[in-house]
Amino acid sequence: MNNSMTNLEKIRKSLSRRNRAEGLFRWAGRVAIFLGLMAVVVLFVDIIGKGHGAFRIAYIELDIDYDPEKIGIENLSDPQQLAGADWQALPKAALNKQFPGVTSRGDKRSLYGLISNGAGYDLKDRLMANPLLLGDQERVWILTDDDIDTYYKSWLAGEPYAARLTDKQVEWIAELHEQGKIRLQFNANFFTRGDSREPEQAGIRGALMGSLFTLALTLILSFPVGVAAAIYLEEFAPKNGWTDFIEVNINNLAAVPSIIFGLLGLAIFINFFHVPRSVPIVGGLVLTLMTLPTIIISSRAAIKSVPPSIREAALGMGASKYQMVLHHVLPLAMPGMLTGAIIGMAQALGESAPLLMIGMVAFIVDIPGGFSDPATVLPVQIFLWADSPERAFIEKTSAAIMVLLSFLIVMNASAVWLRKRLERRW
Amino acid sequence: MNVQRETTAKPAVMDTLEISEHQATVGNCFSDNAKMTMRNVNVFYGEKQAIFDVNVDIAKNEVIAMIGPSGCGKSTFLRSLNRMNDTVEGCRVEGDVRMDGEDLYAPKLDVVELRARVGMVFQKPNPFPKSIYDNVAYGPKIHGLADTRVDLDEIVENSLRKASLWEEVKERLHQSGTGLSGGQQQRLCIARAIAVSPEVILMDEPCSALDPIATAKIEELIEELSENFTIAIVTHSMQQAARVSHRTAYFHLGRLIEVNPTEQVFTMPEHDLTEAYITGRFG
Numbered sequence: 001m002n003n004s005m006t007n008l009e010k011i012r013k014s015l016s017r018r019n020r021a022e023g024l025f026r027w028a029g030r031v032a033i034f035l036g037l038m039a040v041v042v043l044f045v046d047i048i049g050k051g052h053g054a055f056r057i058a059y060i061e062l063d064i065d066y067d068p069e070k071i072g073i074e075n076l077s078d079p080q081q082l083a084g085a086d087w088q089a090l091p092k093a094a095l096n097k098q099f100p101g102v103t104s105r106g107d108k109r110s111l112y113g114l115i116s117n118g119a120g121y122d123l124k125d126r127l128m129a130n131p132l133l134l135g136d137q138e139r140v141w142i143l144t145d146d147d148i149d150t151y152y153k154s155w156l157a158g159e160p161y162a163a164r165l166t167d168k169q170v171e172w173i174a175e176l177h178e179q180g181k182i183r184l185q186f187n188a189n190f191f192t193r194g195d196s197r198e199p200e201q202a203g204i205r206g207a208l209m210g211s212l213f214t215l216a217l218t219l220i221l222s223f224p225v226g227v228a229a230a231i232y233l234e235e236f237a238p239k240n241g242w243t244d245f246i247e248v249n250i251n252n253l254a255a256v257p258s259i260i261f262g263l264l265g266l267a268i269f270i271n272f273f274h275v276p277r278s279v280p281i282v283g284g285l286v287l288t289l290m291t292l293p294t295i296i297i298s299s300r301a302a303i304k305s306v307p308p309s310i311r312e313a314a315l316g317m318g319a320s321k322y323q324m325v326l327h328h329v330l331p332l333a334m335p336g337m338l339t340g341a342i343i344g345m346a347q348a349l350g351e352s353a354p355l356l357m358i359g360m361v362a363f364i365v366d367i368p369g370g371f372s373d374p375a376t377v378l379p380v381q382i383f384l385w386a387d388s389p390e391r392a393f394i395e396k397t398s399a400a401i402m403v404l405l406s407f408l409i410v411m412n413a414s415a416v417w418l419r420k421r422l423e424r425r426w
Numbered sequence: 427m428n429v430q431r432e433t434t435a436k437p438a439v440m441d442t443l444e445i446s447e448h449q450a451t452v453g454n455c456f457s458d459n460a461k462m463t464m465r466n467v468n469v470f471y472g473e474k475q476a477i478f479d480v481n482v483d484i485a486k487n488e489v490i491a492m493i494g495p496s497g498c499g500k501s502t503f504l505r506s507l508n509r510m511n512d513t514v515e516g517c518r519v520e521g522d523v524r525m526d527g528e529d530l531y532a533p534k535l536d537v538v539e540l541r542a543r544v545g546m547v548f549q550k551p552n553p554f555p556k557s558i559y560d561n562v563a564y565g566p567k568i569h570g571l572a573d574t575r576v577d578l579d580e581i582v583e584n585s586l587r588k589a590s591l592w593e594e595v596k597e598r599l600h601q602s603g604t605g606l607s608g609g610q611q612q613r614l615c616i617a618r619a620i621a622v623s624p625e626v627i628l629m630d631e632p633c634s635a636l637d638p639i640a641t642a643k644i645e646e647l648i649e650e651l652s653e654n655f656t657i658a659i660v661t662h663s664m665q666q667a668a669r670v671s672h673r674t675a676y677f678h679l680g681r682l683i684e685v686n687p688t689e690q691v692f693t694m695p696e697h698d699l700t701e702a703y704i705t706g707r708f709g
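So the protein sequences, as listed, match chains G and V. Take the first sequence: its letter number 79 is residue 79 in our numbering, and every next letter is one higher. Take the second sequence: its letter number 241 is residue 667 in our numbering, and every next letter is one higher.
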């Protein structure tokens, strides 16, 4: 025996090594958290920096003369006249009045290019809402074209981007700005309209409603089915080769790439059952297939974590198995099940690949009003906008990401709130 | 009538005190006034046999204590009396278990009814994470014993009184049962068990998680309850067995070695193994 070192000395010696290891581990943990936070901060700064501009858009103030002759309409209740009317003539005339010196054909074209193609229809809506305006005059803020909007914002920021503007247009904008007749306003259209080829008219509402309908269906289908499957497997099914086989396959299903579910949905729901394509019904069904394994796995974990003593207590009281599950296991497992459901729903919300396969990538202008209206969803809308050439879609894309993230945060927060309410301590 | 099986290698408990393969239980296993009767009961967990050929009666309104070293099968035996073993995967019970002459393992018997008649209190207090009131009212509710709210209130109060918990909780019936102290929780579990007026109460080491004061209260309670109920109690504490029970059964490695009046077991045990255990030579 080597007695040159006492036990105490040995312990002390090892102590410093152990403390060093622990300190190192703490630091590694802090660095990891810092890196994670930095990634989130960079992401948010980038997205908000790019996207915040989309919530404001440039408007030009013009004196609109609702002259029946110019529009080519006399009776607002005659559908034929309404269809044939030239609404865009209203803002054009107002522009001519604002800039009387513009006479040449080319200049007029770039003058009319200041405002959005849809400006006339906005005026039509105003007129229809208030028919007394016909023949009257009004000062209205008119939506600008996306190129003008982009330029005006960049010009305000001190880095003018005039690549797509004529020199005349640049002059006119400076002139309007001096007169206070061009300004940025809250972009309500972004939240109230569907998609459009014109960036200044494009809105997120269609995709938002599409996501809402699709996810509602996914939740309605996948939560009850997933929970029922989990309860059966965990509490009622005999433990044998078959249930092992099912369990392995559910786990495999959770790992299947989502695009495969899209192909499956295309083959089964659309080609075999003839569910219409591009609608929230088929999107919800496909996302249900994708979400089910997640919900089943997390629900089983939640059921497993209910202490066996509670089961024994219930059975010992003479509760039937069904009563035991319904009265005791389910309420105690519910918070965990909800957590699983919300993870599954968050996944489903961000999913675009399987939806591409079932036609939810279509260009859809109308806002879906139900489960069977053609729709797209937020991530697909982001994909579509990111793919568009117009510069104004850059900020729209980031803004759409912000909407998607807010949707996610609201969803998660409500789940956390629900879980807190349902949680019971024992 | 003994169908004995080969046992696997037994741990060498004491060189001189090996159990013979074919020995019968010594003492007074049987009763003229039997509430429950067990004949040739064998219990298996998969391939492993946990209980070997147990024959014993439990008399009406008696308190019978099961003692023995850890792993001797007393809890398994207790749980075969209300078929709680059914919930254990791979558990199989052979032999004849009857209550008032009725075969408890008959295929047509409903375990829900059986467990209403044979209540159980577990080792660790396991109140439901609900209010005190709901804990006690749960049994009567699921079995439909109370027609009106007033009846239910009465059952709850009576059960809590019988479990000597009423005075302590009457002001907070609607607070969570899990907020009570360990001893109170266990008495709540007893109240919950007696709320459905069972005929037999099984107690599986009901005091092992409690301090001495709470233990004393439960023991006092067991004595009172024995006026109305038949009680079978598993305990690790020989003092407890001596204090509360009328008869004591000594289990050893899955075999019932001796059943005798408690006084006799602790003063003049018939079997050498029993004596070795109660004198603390192993356990």
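Ideal Cβ placement from N, Cα and C applies to all residues, glycine included.
Across the structure, residue 359 of chain G and residue 190 of chain G are spaced so that their CA atoms are roughly 24 Å apart. Residue pairing by DSSP places residue 143 of chain G opposite G:59 in a beta bridge. For residue 474 of chain V, the uninterrupted beta strand (DSSP E) run begins and ends at 474–485, by DSSP. Cα atoms of residue 165 of chain G and residue 408 of chain G: separation of roughly 38 Å, rounded to the nearest angstrom.
Distance from the Cα of residue 325 of chain G is smallest, within the candidate group G:162, G:232, G:100, G:340, for G:232. Residue state for residue 628 of chain V is assigned as strand, using DSSP reduced to three classes. Listed as beta-bridge partners of residue 320 of chain G by DSSP are no residues whatsoever. Here residue 73 of chain G carries a coil assignment [DSSP, helix/strand/coil].
Fewer than three pairs of CB atoms, one per stretch, sit closer than 8 Å, so the region 583–601 of chain V makes no contact with the region 331–341 of chain G. For residue 643 of chain V, same chain residues with a beta-carbon under 8 Å away, outside a window of 5 residues either side, are 590, 609, 613 in chain order.
Sequence-ordered contacts of the region 508–526 of chain V with chain G read 508, 510, 513, 515 [C-beta pairs closer than 8 Å].
Bridge partners of residue 137 of chain G according to DSSP: G:65. Residue 468 of chain V is classed as buried because its beta carbon has at least 16 other beta carbons within 10 Å across all chains shown. For chain V, the residues of the region 301–316 of chain G that bring a beta carbon within less than 7 Å of one of its beta carbons are 309, 310, 312, 313, 315, 316, in chain order.
Between residue 402 of chain G and residue 48 of chain G, the beta carbon gap of about 7 Å places them in contact (Cβ cut-off 8 Å). In this structure, the alpha-carbon of residue 399 of chain G lies about 6 Å from that of residue 52 of chain G. Shown here for residue 550 of chain V: same chain residues with a beta carbon closer than 7 Å to its own, the five before and five after excluded, namely 635 in chain order. Our two residues, residue 185 of chain G and residue 209 of chain G, have alpha carbons roughly 24 Å apart in a direct line. Non-local beta-carbon contacts of residue 288 of chain G in its own chain, meaning distances under 8 Å to residues more than five positions away in sequence, involve 217, 218, 221, 222, 225 in chain order. Of all residues in the region 610–637 of chain V, those with a C-beta nearer than 8 Å to a C-beta of chain G are 615, 618, 619, 622, reading in chain order. Residue 520 of chain V and residue 685 of chain V have their alpha carbons spaced roughly 21 Å apart. Every unbroken stretch of the alpha helix (DSSP H) spanning 4 or more residues and falling wholly within the region 482–518 of chain V is given here in chain order: 500–505.
Secondary structure at residue 277 of chain G: coil, using DSSP grouped into helix, strand and coil. A straight line joining the alpha-carbon of residue 197 of chain G with that of residue 274 of chain G spans about 30 Å. At a cut-off of 4 residues, the continuous stretches assigned as alpha helix (DSSP H) that sit fully inside the region 307–352 of chain G are 308–316, 321–324, 330–349. Looking at the DSSP output, residue 676 of chain V bridges to V:493, V:684. When C-alpha distances from residue 481 of chain V are compared across V:474, V:488, V:464, the shortest belongs to V:464.
Around the CB of residue 369 of chain G, fewer than 16 other CB atoms lie within 10 Å, so the residue is classed as exposed. Straight-line measurement puts the Cα of residue 215 of chain G at about 16 Å from the Cα of residue 361 of chain G.
Among the residues of chain V, those whose CB is under 7 Å from the CB of residue 319 of chain G are 568, following chain order. The continuous alpha helix (DSSP H) containing residue 559 of chain V extends over residues 558–569. In the DSSP assignment, residue 545 of chain V falls within the beta strand (DSSP E) that extends over 544–547. The region 347–357 of chain G makes contact with the region 255–263 of chain G: 3 or more CB pairs, one atom from each, lie closer than 8 Å.
Against residue 52 of chain G, chain V offers no close residue; the least beta-carbon distance is about 47 Å (beta-carbon pairs closer than 9 Å).
Counting only residues of its own chain and dropping the five nearest sequence neighbours on each side, residue 649 of chain V has a CB closer than 7 Å to the CB of 670.
By the neighbour-count criterion, in which a residue is buried when 16 or more other Cβ atoms sit within 10 angstroms of its Cβ, residue 122 of chain G is buried.
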